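What follows is a short report on a single structure.
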Ligand SMILES: Cc1ncc(COP(=O)(O)O)c(C=O)c1O
């Protein structure tokens, strides 16, 4: 695939003299001179981390300038083109996984679409963020490499930078908000990055990272608005177009918009007919307002299971890139995200973090009826979720699915009262997980007791069957707010 791309570039005459680095490149690949280097060798060489010849070769191949990491400035946003994304693809080849994008039959059954899952959770550091991180790091100049880089990140960007920084011999410092998931903090340290926990929000961590950049002469790499990051994330879109040639739509999670912007540039340039949908958690949605005002807006994020998406604004470079290209924007609730994570665990036997599950959440919630029967790609963008959080998320998902339910009932406090209730629950085929007795609040009848019952059922219909039985048997109980009516 890589050789094909290089040949394509050549046939368009873009490699006029840069055939020299290409020849070098082929020579280094494994002893074969000339341009007929096997794909494997070319990919291998492109992945070789630490060579300025390598960098200029890749950039010459794409006929591109280097885009040095640059903070955003909305008054003059930096353009990212399809050529930037294609160059990024060459630059990261062999260093970042071309993740598989298989069709999921079970997810297709529950959503009514043909669902293809782009498995970015399989990347070495568990997310797509390696794409942008590698692309940005590989373009640093020698003195920048030596001094090192700094970033603010809720986790995945930090992990991508830490891993590729180590491979490329570039020191990496990251500032994470104090609330960053433990698994991301400890993995980042294990990967060799210097981690500082600062601030109670992403914005506060970001301010501290800028301070360090100024103080220590480090290069600040913005996690979603650096043009090189956006171009790197766009490589995911290029891969999807090859892996699912008849793709009808992509449903993409949105944090600061770097991923959606990169994908939008790649996909809408090559396949303008593909529908692009951006999804945000309801408690961290900034894209509709930003698109309307055509300028980033600052929000205060609510806590969300999609912690990777909890950033306070959309990038000033990312916004114009995605604004003109995205077809639909949606939000999903915390219950919908939890249910999507649960479905992925159950049906795909896979762990995907909240951010990566938002696309499926939108489909499961019936928010994209126009995609019924269509080929829909869901980037499973990341898999980094604390095990302790995962168990809570699964419980939340079970509640949202009507399979874990808590209700109160008032029963007789005489012998056999509780047994009568549990007999009915057993008769309905439900399972008791926990029962709490409460005498003082059961009302004026001193021979009555209030019980708080937690039960497990197969699904909502099953729960409704149980409630119908309790009603027939004249049990005094109150339905939970999110249970069947
Ligand atoms: C797993 C995951 N998905 C999606 C995103 C969104 O990416 P962006 O901030 O570029 O919109 C992030 C951001 O960190 C993430 O970690």
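In our numbering, the protein residues as written are 9 to 493. Think of the CB as a built atom: it goes at the ideal place given N, C-alpha and C, for glycine as much as any other residue. Owing to the predicted nature of the structure, the values given are computational and were not obtained by experimental measurement.
Q: Return yes when at least one heavy atom of ligand 1 lies under 7 angstroms from the C-beta of residue 6, else no.
A: Residue 6 falls outside the range modelled here, since the chain spans only 9 to 493, and no answer is possible.
(Q) Mapping the DSSP letters down to three states, classify residue 186 as helix, strand or coil. (A) coil
Q: Rounded to whole angstroms, what's the CA-CA distance from residue 198 to residue 164? Just pull it up for me.
A: 14 angstroms
(Q) On the criterion of 16 or more Cβ atoms from any shown chain inside 10 Å, does residue 467 qualify as buried, or is it exposed? (A) exposed
Q: Round the Cβ separation of residue 242 and residue 93 to the nearest angstrom and send it over; I've been treating them as touching at under 8 angstroms.
A: 4 angstroms
Q: With a threshold of 16 other CB atoms inside 10 Å of the CB of residue 36, please say whether the residue is buried or exposed.
A: Caution applies to residue 36, whose pLDDT of 33 falls short of 50 and renders its modelled position unreliable; the model cannot decide the point.
Q) When the Cβ atoms of the region 139-148 are set against those of the region 390-405, are three or more pairs found closer than 8 angstroms? A) no
(Q) Between which residues of its own chain and residue 204 is the CB-CB distance below 6 angstroms, once the five residues before and five after are set aside? (A) 183
Q) Does the distance from the C-beta atom of residue 260 to that of residue 271 stay below 8 angstroms? A) yes
Q. Nearest-angstrom Cα distance between residue 162 and residue 168?
A. 12 angstroms
Q) Span of the alpha helix (DSSP H) holding residue 395? A) 395-408
**Q.** Cβ distance (whole Å) where residue 463 is taken to contact residue 441 below 8 angstroms
**A.** 6 angstroms
(Q) Beta-carbon within less than 6 angstroms of residue 290's beta-carbon, same chain only, minus the 5 sequence neighbours each way: which residues are those? (A) 339 and 341
Q. Between which two residues does the alpha helix (DSSP H) harbouring residue 366 extend?
A. 362-372
Q.
Please identify the residue among 426, 124, 335 and 256 whose C-alpha is closest to the C-alpha of residue 368.
A. 124
Q) Quick one: Cα of residue 359 to Cα of residue 420, how far? A) 45 angstroms
**Q.** Reduced DSSP secondary structure (H/G/I, E/B, other) of residue 171
**A.** helix
Q) Apart from the five residues just before and just after residue 298, which ones in its own chain have a Cβ nearer than 6 angstroms to its Cβ? A) 304, 305, 322 and 327
Q.
For ligand 1, is there any heavy atom lying closer than 7 angstroms to the beta carbon of residue 172?
A. no
Q: Please report how far the alpha carbon of residue 176 lies from the alpha carbon of residue 389, in whole angstroms.
A: 24 angstroms
Q | beta-carbon residue 135 near ligand 1 non-hydrogen atom, thresh 7 angstroms | A | yes
Q: Identify the continuous beta strand (DSSP E) that holds residue 300 and give its terminal residues.
A: From DSSP, residue 300 is part of no beta strand (DSSP E) but of the alpha helix (DSSP H) over 295-301.
Q. Which ranges would you report for the alpha helix (DSSP H) in the region 451-487 if only whole runs of at least 4 residues count?
A. 468-480
Q) CA-CA distance, residue 141 and residue 154? A) 17 angstroms
(Q) Going by C-alpha to C-alpha distance, which of 112, 194, 108 and 329 sits closest to residue 276? (A) 329
Q) Closer than 7 angstroms: is that where the CB of residue 361 sits relative to any heavy atom of ligand 1? A) yes
**Q.** Distance between residue 344 and residue 417 (C-alpha atoms, nearest Å)
**A.** 28 angstroms
Q. Is residue 159 near residue 217, with beta carbons less than 8 angstroms apart?
A. yes
Q: Let me know if residue 103 comes out buried or exposed under the rule of 16 or more other beta-carbons within 10 Å of its beta-carbon.
A: buried
**Q.** Residue closest to residue 332, alpha-carbon to alpha-carbon, out of 269, 191, 139 and 224
**A.** 269
Q) Mind checking residue 478: buried by the 16 CB within 10 Å criterion, or exposed? A) buried
Q. Between residue 296 and residue 211, what straight-line distance do the alpha-carbon atoms span, to the nearest angstrom?
A. 20 angstroms
Q) Just how far apart, CA to CA, sit residue 91 and residue 413? A) 53 angstroms
Q: Starting from residue 388, trace the alpha helix (DSSP H) both ways and give me its first and last residue.
A: First-last for residue 388: 383-388, but that is the beta strand (DSSP E), not the alpha helix (DSSP H).
Q: For residue 137, count neighbouring Cβ atoms within 10 angstroms of its own Cβ and tell me buried if that reaches 16, exposed if not.
A: buried
Q.
Between which two residues does the alpha helix (DSSP H) holding residue 155 run?
A. 150-155
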